[in-house]
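Visitor: The structure under discussion is supplied below as C-alpha cells; questions concerning it will follow.
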Amino acid sequence: MKRRRALQIVGATLPVTGCVTTPDTDSGPAQSAADTPAENSAYELGDEASVDGLGPVTVESVTLQRSLIHHHLHRELYEPADAQLLVLLGEIPEDVDPEFDIQFAARLDGDIVNSAAQTWLNTKTRIYALSVPVDAVDDAAVQLQRGERPTWSLPETVTERISVAPEFALRGAEISDRADRTVLRLTVENHGSRDGVFRGVAEHSSAADADAAIRFPVPAGDTVTETLGSAIIDSWSAGAEFAHEISERTRVFAVA
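Everything in the sequence shown is counted per the numbering used here, starting at -11 for the first residue and increasing by one.
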C-alpha cells in the first residue's frame, strides 16, 4: 500500500528531508557578511554569525511559498491549511554531522511562532521550512535556536507578503490521451490575494515509489487549466480512473 503523501500542517514543526523544490518568489538578494552584532540586534540575510559550539552559520535567503515538495525515497507535499511557509536557505560548517539537530524559528513582531526541522542537501547547505500564519506584521525575522540565538531580519519584500497568500482550489481533473500519450488535465483556481505556484504529485500506476512533481503558476484571482505529461503519467491508461475521490484539496493524483 502506498503512503499518504499529502500532509496538512498548521503551526507545527515541519520535518523536511531530501531534495526540496524552489520557492514561489525570491524575497531579495543576499547582503554582504557583517561582524557579530550586539545582543538583541539582527543580521541581514547573507551575513555570517559565529555560534558557540557550532561555528559560522549563514542564512542566505528567505522566501514565501504556499506549499513545498520534498523528495527522499518518494515525494511528499506539505500545504498548511491556514498558513504558509517561510523557506530559508542556510549554510553551516562542513564538519557538522548532517543529522545534527539545528533548528530555526520565525519571529514575528518579537514573538516566536514556529520552529522547523532541517533538511540537508550537502555537507553545508540546508533548507528549513517554517509554517507561519497569514497575518500582517511590522517586523519579521528568523532565529537560530542554538547558542546566542542569532537572528536574521527579513526584508520588506518578504515581510509585506506574510499578510497575503495564494489559496488554491482544484476545480477539475481529467485523464485523457493526446498524440498517443496519456495526459493529466488540471484546472486550478487561485482565490487568494497573491500569485503563487500550485504543487502536486503524480504517482506511478504500479511502482510504489515512482512519482513526479506537478507545479505551475496560477495568478491571484485567476483560474488556470494546465495539461501535464510525464513518464509517470504515461504509465496510466488513458481510460483509467482516479484511485481517490477528487476534491478542491486534492494534491496527490494516482490511478486505480
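Ideal Cβ placement from N, Cα and C applies to all residues, glycine included.
For residue 153, does the count of other Cβ atoms within 10 angstroms reach 16, so buried, or fall short, so exposed?
Guide: For the purposes of this step, residue 153 is identified with residue 165 of the sequence shown, where counting begins at 1. By the neighbour-count rule (16 or more Cβ atoms within 10 Å), residue 153 is buried.
Visitor: Since residue 182 sits in a beta bridge, which residues does DSSP pair it with?
Guide: For the purposes of this step, residue 182 is taken as the residue at position 194 of the sequence shown. In the DSSP output, where bridge partners are listed per residue, residue 182 has none listed.
Visitor: For residue 65, count the other beta carbons within 10 Å of its own beta carbon; 16 or more makes it buried, fewer makes it exposed. Which is it?
Guide: Counting from 1 along the sequence shown, the entry for residue 65 is found at position 77. Label assigned to residue 65: buried.
Visitor: CB-CB under 6 Å to residue 82, same chain, minus the five flanking residues each way: which ones, in chain order?
Guide: For the purposes of this step, residue 82 is identified with residue 94 of the sequence shown, where counting begins at 1. 111 and 112.
Visitor: Could you pull the start and end residues of the beta strand (DSSP E) that residue 333 belongs to?
Guide: Outside the shown range of the chain (-11 to 244) lies residue 333, about which nothing can therefore be said.
Visitor: Output yes or no for whether 8 Å exceeds the beta carbon distance between residue 230 and residue 203.
Guide: Translated into positions along the sequence shown, residue 230 becomes position 242. Translated into positions along the sequence shown, residue 203 becomes position 215. Cβ distance not < 8 Å, so residue 230 and residue 203 don't count as in contact.
Visitor: Of all the options 144, 150 and 140, which has the alpha carbon lying nearest to the alpha carbon of residue 124?
Guide: Position 136 of the sequence shown holds residue 124. Of 144, 150 and 140, the residue nearest in Cα terms is 150.
Visitor: Excluding five sequence neighbours on each side, which residues of the same chain lie with their C-beta closer than 6 Å to the C-beta of residue 11?
Guide: Start at 1 with the first residue of the sequence shown, and residue 11 comes out as number 23. Legend: pLDDT at residue 11 = 47, less than 50; position of this residue unreliable, value from coordinates given subsequently. Excluding sequence neighbours, residue 11 sits near 51, 53 and 75.
Visitor: Residue 83 bridges to which residues according to DSSP?
Guide: What you label residue 83 is simply residue 95 of the sequence shown in a count that begins at 1. None, per the DSSP bridge assignment.
Visitor: Please state whether the Cβ-Cβ distance between residue 131 and residue 159 is less than 8 Å.
Guide: The residue labelled residue 131 in the question sits at position 143 within the sequence shown. The residue labelled residue 159 in the question sits at position 171 within the sequence shown. The answer is no: Cβ separation not under 8 Å.
Visitor: With burial defined as no fewer than 16 other Cβ atoms inside 10 Å of the residue's Cβ, what is the status of residue 115: buried or exposed?
Guide: As a working mapping, residue 115 is identified with position 127 in the sequence shown. Residue burial annotation: residue 115 is buried, with at least 16 other C-beta atoms found within 10 angstroms of its C-beta.
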